[in-house]
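A quick write-up on the structure given underneath.
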Amino acid sequence: MKEVKDSKHLPEEESSEGHINITSVEDGGMMVMSEEALEASKRHEQMLEQMRQKRLKMNLNVPTDDEEVKARLRALQEPVCYFGEEASDRRDRLREIMAQYLSQSKPLPEFRKNRKQLQTDLKKLSETINKNRPYFSQGLPVLKAVRTKILKYSMRNAKLRVEAQRRQRENPLPLSKAREQHEELIQSLKQHSVQSSELACDRPLTVCKISPQGLFDKHPCNDHKHKFLVALGCMGGRVELWDEFGTKHKSILCHSERITGIAWCPKVKLQQLPIFVTASADQ
1 MKEVKDSKHL
11 PEEESSEGHI
21 NITSVEDGGM
31 MVMSEEALEA
41 SKRHEQMLEQ
51 MRQKRLKMNL
61 NVPTDDEEVK
71 ARLRALQEPV
81 CYFGEEASDR
91 RDRLREIMAQ
101 YLSQSKPLPE
111 FRKNRKQLQT
121 DLKKLSETIN
131 KNRPYFSQGL
141 PVLKAVRTKI
151 LKYSMRNAKL
161 RVEAQRRQRE
171 NPLPLSKARE
181 QHEELIQSLK
191 QHSVQSSELA
201 CDRPLTVCKI
211 SPQGLFDKHP
221 CNDHKHKFLV
231 ALGCMGGRVE
241 LWDEFGTKHK
251 SILCHSERIT
261 GIAWCPKVKL
271 QQLPIFVTAS
281 ADQ
């Protein structure tokens, strides 16, 4: 058996042969580590702490609703939003803050919703559920009367249109007669020529509608006995009213966007001027 000697009584040559870097040995028998070993130990502890925080982050349940994430950040006394931060970045920041609280053994506050927040959430939920569903409400008597009048007017016109289509189907116009009328119309149009032109509007025209004949010629204000009026709609949202003689009567700014449609009322009273409605690309 070899005799084990105390390291205190070993010479420097023998103690250095074991490749043990011992700077000093205190009376209590504690060995002081070198600076390199201390740094390696600190790095190891930091890695363990990072792994533990990463494991905590993976196991944390963070809400996906951005409003709920903001509410929890506010409860943790953290900034609700940073400059340029998106919803996903805000959610990751909440997860990291909660992991830091748990790693430092700090208690997390109870994320409870107040009554106002619950009412807001219920309202959003009901809007989401009823988004594509029909909504029924009790209308006013005036609305019912107007809709009934529109229905009767539409049914009467539909009846006249169906009867006219039935008569045309029972007694169709011969093809030769239709071609003859078409040729006569083309020949009559060829005899016309443009003598002059006038600027209708400062923007390009989009719609042109002529009022039904007889609506304007019997009106008391019609001094010139015009047969009809012409309504021109342009890209600027204006409607220009002209007569058949090329005289401009009025310019009306109806919309802020382009005019997409004009419709004349087919039946008005004798004391009324012709009525028309417009449609546009307004939002």
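For the sequence shown, full-length UniProt numbering assigns the number 1 to the initial residue and increments by one for each residue that follows.
Think of the CB as a built atom: it goes at the ideal place given N, C-alpha and C, for glycine as much as any other residue.
Keep in mind the model is a prediction, meaning the values are calculated, not measured.
Q. Between Glu13 and Ser34, what straight-line distance do the alpha-carbon atoms span, to the nearest angstrom?
A. For Glu13, the predicted model reports a pLDDT of 46, less than 50, meaning its position is unreliable; a value from the coordinates is still stated below. The alpha-carbon atoms of Glu13 and Ser34 are separated by roughly 20 angstroms.
**Q.** Span separating the alpha-carbon of Leu125 from that of Lys131
**A.** For the pair Leu125 and Lys131, the Cα-to-Cα distance works out to about 10 angstroms.
Q.
Within 10 Å of its beta-carbon, does Ala99 have 16 or more other beta-carbons around it, so buried, or fewer, so exposed?
A. Under this definition Ala99 is a buried residue.
Q: Go ahead and pull the three-state DSSP assignment for Leu253.
A: strand
Q. In chain order, which continuous runs of the alpha helix (DSSP H) of length 4 or greater are located wholly inside the UniProt domain "Pre-mRNA processing factor 4 (PRP4)-like" (64-114)?
A. 66-75 and 87-103
Q: Would you give the residue range spanned by the beta strand (DSSP E) that Arg43 belongs to?
A: For Arg43, no beta strand (DSSP E) run applies; the uninterrupted alpha helix (DSSP H) run containing it begins and ends at Glu35 to Asn59, by DSSP.
Q) Between Val69 and Leu108, is the Cβ-Cβ spacing less than 8 angstroms? A) no
Q: Would you check if there are 3 or more beta carbon pairs closer than 8 angstroms linking the stretch 251-263 to the stretch 201-212?
A: yes
Q. Can you name the residues that DSSP bridges to Gly233?
A. Beta-bridge partners of Gly233 (DSSP): Val207 and Val239.
Q: Note the first and the last residue of the continuous alpha helix (DSSP H) segment covering Ser280.
A: Element bounds for Ser280: not the alpha helix (DSSP H) but the beta strand (DSSP E), Phe276 to Ser280.
Q: Check Thr260 in the structure and name its three-state DSSP category.
A: strand
Q | Distance between beta carbons of His255 and Thr278, contact taken as under 8 angstroms | A | 7 angstroms
Q | Proximity below 8 angstroms, CB of Gly233 to CB of Asp202 | A | Going by C-beta atoms, Gly233 is not nearer than 8 angstroms to Asp202.
Q) Does the separation of the CB atoms of Asp65 and Arg90 fall below 8 angstroms? A) no
Q. Any idea which residues DSSP pairs residue 316 with across the strands?
A. Because the chain spans 1 through 283 in this model, residue 316 falls outside it and cannot be assessed.
Q | Closest by C-alpha distance to Val239, when choosing among Ile275, Pro212, Pro266 and Lys227 | A | Ile275
Q: Check each candidate in Trp242, Arg179 and Arg258 and name the one with the smallest Cα separation from Ser251.
A: Trp242
Q: Compute the Euclidean distance between the alpha carbons of Asn59 and Met51, then round it to the nearest angstrom.
A: 12 angstroms
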